[in-house]
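Each residue of the sequence shown is one higher than the last, beginning at -17 in the working numbering.
Yeah, the Cβ is synthetic: ideal placement off N, Cα and C, and Gly gets one too.
Everything numeric in this text was worked out from a predicted model, so none of it was measured.
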Amino acid sequence: MIGPDRPDDRTRVKGKAMKKEEIERLKYRRQYLLAPQTVSCPFLHHEYIVTGTYRLYAHVDLHVTECKENGTRLFLLGDIFDYRSPGKLNAHILQDLSWYGFREILREIGEYCGRFVLVYVKGDDLKLVHDATAARKIYYCLQEGGTWFSSRPNLIANVLEIGQTDHPELLDYYRSEVFKASNCSSVGDFTIYKGVRQLMPNHYYHVSESAVHRYWPVGITERRELEDVAGRCAVMVKGFMESIINRYDVMLPVTGGKDSRTLVAATKDMTDRVFYYININEYMDARCKDIALSEKLCRKNHLEFHVLDPYSDVDKDFESIYFENNGYDCRRYLPHIYNYYTNFRDKVNLPGNTATSGNEWFKGTKMRFTGKRLAKRNRVDHWKFAIEYYDQWISGIREHCPENNIQLFDLFYWEERMGNWGGQVTTDKDIAQEDINPFNSRNLVMLYLSVDPKYLQIPFFKMYLEVIRHLWPDLLKVPINSCIKNRIYKAMKFVGALNFYFKIRYSYF
């Protein structure tokens, strides 16, 4: 272990003003705008002609890959990775996808991970879809001349000169402490701007119809044996990790949790190419248990580990552009983001949020689903619009795929929690560096969810441990989530009292 690494001890030149060129490059960094007409774009960009009317404006630091084959044009905004062929680049994967129609593409992209928006063009037919958890955002606004799209709602609002909503409940939510506590993330597909909505995970937008369509889930999720699934998941996670590391210089946050441990395990044969670290947060110091556990894990397995202290003065120009880009007063992670920019801007960060945590989040408790109960679990039951949205979400799922046996709390966590809270910091960090989540693959998520739900439940997380065992069993010699609360949960589970406790604790279920 070294550290903590303090920013002023590294590359930052204290008090040095940012250059004008640097400031201009940070404006709406890594964002895009897809417009039904030519516009004066407010950021440094490359322009692409998509159709006779649509123009794509992509920030110069956003990777854009274009493929023209078989009468189809595909535009990839961001990155996509293939665990089966870790050496393939974006262009190779687009080439593979170009042979399919759009319906088949929706099926095929489930095999990949990444953070991307895919634009499909066939003649005048234009459709947009994103990665499994909408980590690369699609916001849209229907106007008289066509639908506008962007990766940030305030970017559309600024270009179209759209004001904030006059809906009193929505405004109340966006001004609330609940909103701030959730990393300034939204509810459902709402935004604070009039007529601007978000495209949620497992949906695509059809431009000629001016309509959003759900494309997944489909069919029945087959239950599989634990050992088989764990082996297959291990192959996918390792393949995705190898594919990402083949392209980028990466850094991997190491915590005491199961998701972080899985990603560390996936780097077993690549440890010399990974920067392992943890950030000190406001509630932590270099002696806290989470840091001590991470340090112990890395020391026992001969991994160089870094403790980063991001708390120092943030450059005023950077802070100003950060809030201009974001549109919300989300300050919590600003010191971290500035530290990433100052010291690690050339690295890609690998966060470990996973869409498979619905069982954990809902504590595996049986419940009859209502919008009110979902809103209460998400701490937004104070607002009627949220309850109504969740009621409509439940009805829409049951109408779209009445026979699917995926548990609703898993899908809710995937689409609502990951589609909003789960990707908010990643989006805010675009000004500093790129985030790519190796878990962000629809088929990988579905493999995890295909086992008996008891293997996903707190406190033993047997499915997750089996994946780690396949990848790097020695990592399990250091306990996961060794806090007192988790030890108490295990004791309660052993005597059969845990489920009863959760029913009392979460009585609204």
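DSSP, reduced to helix, strand and coil, places M349 outside both helices and strands of the structure shown, so it counts as coil.
The continuous alpha helix (DSSP H) containing Y371 extends over residues 366 to 382. The beta-bridge partner set that DSSP reports for Y258 consists of L234, F287. Residue environment analysis places N52 among the exposed positions, since fewer than 16 neighbouring C-beta atoms fall within 10 angstroms of its C-beta.
Within the stretch 269 to 347, the complete alpha helix (DSSP H) segments at least 4 residues long are 271 to 282, 298 to 308, 316 to 326, 340 to 343, listed from N- to C-terminus.
Counting other Cβ atoms within 10 Å of its Cβ, T20 stays below 16 and is therefore classed as exposed. Burial is judged here by how many other beta carbons sit within 10 angstroms of a residue's own beta carbon; I31 has fewer than 16 and is exposed. The beta carbons of V296 and L316 sit closer together than 7 Å. According to DSSP, W130 shares a beta bridge with C123. Taking 7 Å as the cut-off, the beta carbon of I262 is found closer than this to the beta carbon of D291.
Beta-bridge analysis with DSSP links K436 to no other residue. DSSP places K162 in the uninterrupted alpha helix (DSSP H) bounded by 159 to 163.
Taken in chain order, the complete beta strand (DSSP E) segments of 3 residues or longer contained in the stretch 26 to 82 are 27 to 31, 37 to 41, 46 to 51, 54 to 63. One thing to note: I202 has its Cβ no nearer than 7 Å to the Cβ of N341. Distances from the CA of V246 to each of Q77, Y36, P333 were compared; the closest alpha carbon is that of P333. Going by C-alpha positions, R89 is about 49 Å away from A(-1). Under DSSP, the beta-bridge partners assigned to L15 are Y39, S132. The beta carbon of S339 sits closer than 7 Å to those of Y395, all from its chain and outside the five residues before and after it, given in chain order. Here the stretch 407 to 417 lies against the stretch 308 to 323, with 3 or more beta-carbon pairs under 8 Å apart. Cβ neighbours of L79 within its own chain (closer than 7 Å, five residues either side excluded): L56, I87, E90.
Per DSSP, K240 lies in no beta strand (DSSP E); the unbroken alpha helix (DSSP H) holding it starts and ends at 240 to 248. Per DSSP, reduced to three states, the secondary structure at Q406 is helical. Bridge partners of R97 according to DSSP: D61.
With a cutoff of 7 Å on beta-carbon distance, T115 and P24 are scored as not near each other. For the set E286, E385, L457, R451, the Cα lying nearest the Cα of E209 is the one of R451. The distance from the Cβ of R134 to that of G309 is about 7 Å, consistent with a contact at the 8 Å cut-off. Exclusion of the five residues before and after G60 leaves L44, H45, G96, R97, F98, V99, D113, R118 as the residues of its chain whose Cβ lies within less than 8 Å of its Cβ. According to the DSSP secondary-structure assignment, K104 is paired through a beta bridge with D107. Counting along the chain, the unbroken beta strand (DSSP E) around H185 starts and ends at 185 to 188. Comparing C-alpha distances from M445 to each of G170, C215, H284 shows the shortest one belongs to C215.
A straight-line Cα-Cα distance of about 45 Å links R206 and G128. Two segments are said to touch when three or more pairs of C-beta atoms, one from each, lie closer than 8 Å; by this definition the stretch 418 to 434 does not touch the stretch 143 to 159.
Distance check between T253 and each of A274, G238, D231, Y265 places D231 closest, using alpha-carbon atoms only. In the three-state reduction of the DSSP assignment, D154 falls in the helix class. Sixteen is the threshold: since fewer than 16 other Cβ atoms of the shown chains lie within 10 Å of the Cβ of P461, the residue is exposed.
In this model, S225 and Y94 are separated by some 11 Å (Cα to Cα).
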